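K.L.:
Chains A and B are the protein sequences, given in the same order. This note's numbering puts the last residue of the first sequence at 163; the count rises by one with no breaks. This note's numbering puts the last residue of the second sequence at 326; the count rises by one with no breaks. Sending over a structure as structure tokens; questions will come in a sec.
2 protein chains.
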Amino acid sequence: MFRISRLTDYGIVVMAHLAECRDDDSHNARELAEDTQLPAPVVSKILKSLTRAGLLVSQRGSKGGYSLARSPDEIPVVEMITALEGPVGITECTIQPGACAQESSCQVRDPWHRINGAVHAALEKITLADLAKPIDPTGPFIPLVGMDGDETDHTASNAKALE
Amino acid sequence: MFRISRLTDYGIVVMAHLAECRDDDSHNARELAEDTQLPAPVVSKILKSLTRAGLLVSQRGSKGGYSLARSPDEIPVVEMITALEGPVGITECTIQPGACAQESSCQVRDPWHRINGAVHAALEKITLADLAKPIDPTGPFIPLVGMDGDETDHTASNAKALE
DNA sequence: GGATATCGGACTAAATAGGTCCTGTAAATA
DNA sequence: TATTTACAGGACCTATTTAGTCCGATATCC
Ligand code: FES
Ligand code: FES
């Protein structure tokens, strides 16, 4: 129903946790599962996917574990989502041309592409650093929403969170 | 996979078709299915959902059918999506508080809310009139993307479409 | 009254997501 | 070297959701 899967949500929680405790040593899967209160096998599965996508680096053997591959502010949300559930695309046709019977006669194809682009851009601007609480504010807090002004309240709450 | 369901996509295609032929008489389900090249039972199901949500008005009996309840520029995309697949929310927690075990300790809950708000706002700005080709340009063409400038190409193509 | 077309929901089948478990392999340690 | 630890990669099963079909009831027009 137009939402990210629970696995992805979990994955981002784990990533945020890793971003939060900015120590260099790697955390193993069991430990991360405990910290985030999530089922261990699931966390393990998620970690493997994230590693394969190049968002985490893994260290095998005893004292092994996972750690962030990059700085949190260089990991956009869209990349985490992509890693865990494939390419982001509002509609099927957005990703895979030719999947649709209409295609040629379809009126809404092009507009969907633009909508998709807008959402994609929004998810690209937001990084893991924005999700994790900035306990060490060395870098500036990047504004979350990249939309131009509208009168809904979330932008207000965002502005409040900034100051 | 972070996309709208195929049914919803179909539904919007049908709505766009209805918006395109701006005659006042209602179109029946069979006719709409033919025009859009979609399976008739599916179209029928979609039409019922859209009617229940108040986006279409139906007329029973012979010469019956469906027509738009409002002007296309007063039907936002988000409403069509909501009608066909429930409330728009990126994460489960965004919609239903208490579904998550963490909830209290969760770091990412609030940022997700803001992301969700941004996407929601984007889908609210885009209306059915933007999706259907403006064959009768009495009203101005409303810009699709409501995000502030970024360097990806879709905004460029959008700007090109405007002028 | 008969033809037409929506209404509402039940129903089945297919696809996807969620979750578990097992075998192999790399690294550290004793 | 032997042992322990912990990731890698799948196979696998189950639950849930989605897609699609169908039918009896009801409303409208002629
Ligand atoms: S719905 Fe697939 S191309 Fe338009
Ligand atoms: S993941 Fe559910 S409240 Fe944070």
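We put the CB at the ideal spot given by N, CA and C, even for glycine. Every value quoted in this text rests on a predicted model; they were computed, and no experiment measured them.
1) What are the boundary residues of the beta strand (DSSP E) that B:V271 is part of?
2) Output the boundary residues of the beta strand (DSSP E) element that contains B:L340.
3) Between which two residues does the alpha helix (DSSP H) holding B:V220 run?
4) Closer than 6 Å by C-beta to A:P181: which residues in its own chain qualify, once you throw out the five before and the five after it? Chain order, please.
5) Taking the alpha carbon of B:S189 as the point to measure from, which residue in B:P250, B:A281, B:L210 has its own alpha carbon closest?
6) Would the stretch 191 to 207 of chain B count as touching the stretch 224 to 231 of chain B if we require 3 or more Cβ pairs under 8 Å?
7) Could you tell me which chain B residues have their CB closer than 8 Å to the CB of A:T91, listed as they occur along the chain?
8) Which residues does DSSP list as the beta-bridge partners of B:P235?
9) Can the beta-carbon of B:L329 be found less than 7 Å from the beta-carbon of B:A246?
10) Can you tell me whether DSSP reads A:E127 as helix, strand or coil?
11) I need the straight-line Cα distance from B:E183 to B:Q200, nearest angstrom please.
12) What are the start and end residues of the alpha helix (DSSP H) that includes B:R193?
13) Can you look up A:T8 in the DSSP assignment and give me helix, strand or coil?
14) Relative to the alpha-carbon of A:A53, which residue among A:G11, A:V119, A:Q107, A:E34 has its alpha-carbon at the smallest distance?
15) Under a three-way DSSP split, which group does B:P204 fall into?
16) Taking C-alpha atoms, which residue in B:N279, B:V271, B:S230 lies nearest to B:R185?
17) Is it right to say A:E79 is buried, meaning 16 or more other beta carbons lie within 10 angstroms of its own, or is it exposed?
18) Is the beta carbon of B:A281 sitting closer than 7 Å to the one on A:A129?
19) At a Cβ threshold of 7 Å, is B:A179 touching chain A?
20) Grab the span of the alpha helix (DSSP H) containing B:T245 for me, first residue to last.
P.N.:
According to the structure data:
1) For the purposes of this step, residue 271 of chain B is taken as residue 108 along the second sequence, with counting starting at 1. It is not in any beta strand (DSSP E) - B:V271 carries neither H nor E in the DSSP assignment.
2) There is no way to answer for residue 340 of chain B, as the model of chain B reaches only from 164 to 326.
3) Here the question's residue 220 of chain B lines up with position 57 in the second sequence. Taken as a continuous stretch (DSSP letters only), B:V220 belongs to no alpha helix (DSSP H), being part of the beta strand (DSSP E) at 219 to 222.
4) Limits of chain A in this structure are 1 at one end and 163 at the other, which puts residue 181 of chain A out of reach.
5) The residue given as residue 189 of chain B occupies position 26 in the second sequence. Cα-wise, what sits closest to B:S189 is B:L210.
6) yes
7) Position 91 of the first sequence, counting from 1, holds the residue named residue 91 of chain A. By Cβ distance, chain B contributes R166, I167, D172.
8) Indexing the second sequence from 1 puts residue 235 of chain B at position 72. B:P235 is not bridged to any residue.
9) Because chain B is modelled from 164 through 326, residue 329 of chain B falls outside the range shown and cannot be assessed.
10) Reading the first sequence from its first residue, position 127 is the one you call residue 127 of chain A. Residue 127 of chain A is actually Thr in this sequence, not Glu. If DSSP states are grouped into helix, strand and coil, A:T127 belongs with the strands.
11) If you number the second sequence from 1, residue 183 of chain B lands on position 20. If you number the second sequence from 1, residue 200 of chain B lands on position 37. Between B:E183 and B:Q200, the C-alpha separation is close to 16 Å.
12) Residue 193 of chain B sits at position 30 when you count from the first residue of the second sequence. Unbroken alpha helix (DSSP H) run through B:R193: 192 to 199.
13) As a position in the first sequence, residue 8 of chain A is number 8, starting the count at 1. Correct three-state label for A:T8: helix.
14) Position 53 of the first sequence, counted from the first residue, corresponds to residue 53 of chain A. Of the listed residues, the one whose Cα sits closest to A:A53 is A:G11.
15) Here residue 204 of chain B refers to the residue found at position 41 when the second sequence is read from its first residue. Three-state DSSP puts B:P204 in a helix.
16) Stepping through the second sequence from its first residue, residue 185 of chain B is reached at position 22. Checked all of B:N279, B:V271, B:S230; the closest Cα to B:R185 is B:S230.
17) Residue 79 of chain A sits at position 79 when you count from the first residue of the first sequence. Buried: at least 16 other Cβ atoms inside 10 Å.
18) Working through the second sequence from its first residue, we reach residue 281 of chain B at position 118. Working through the first sequence from its first residue, we reach residue 129 of chain A at position 129. In this structure, A:A129 does not lie closer than 7 Å to B:A281 by Cβ.
19) Here residue 179 of chain B is taken as the residue at index 16 of the second sequence, counted from 1. True, the Cβ-Cβ gap to chain A drops below 7 Å.
20) Counting from one through the second sequence, the residue named residue 245 of chain B turns up at place 82. Segment 240 to 248, the alpha helix (DSSP H) holding B:T245.
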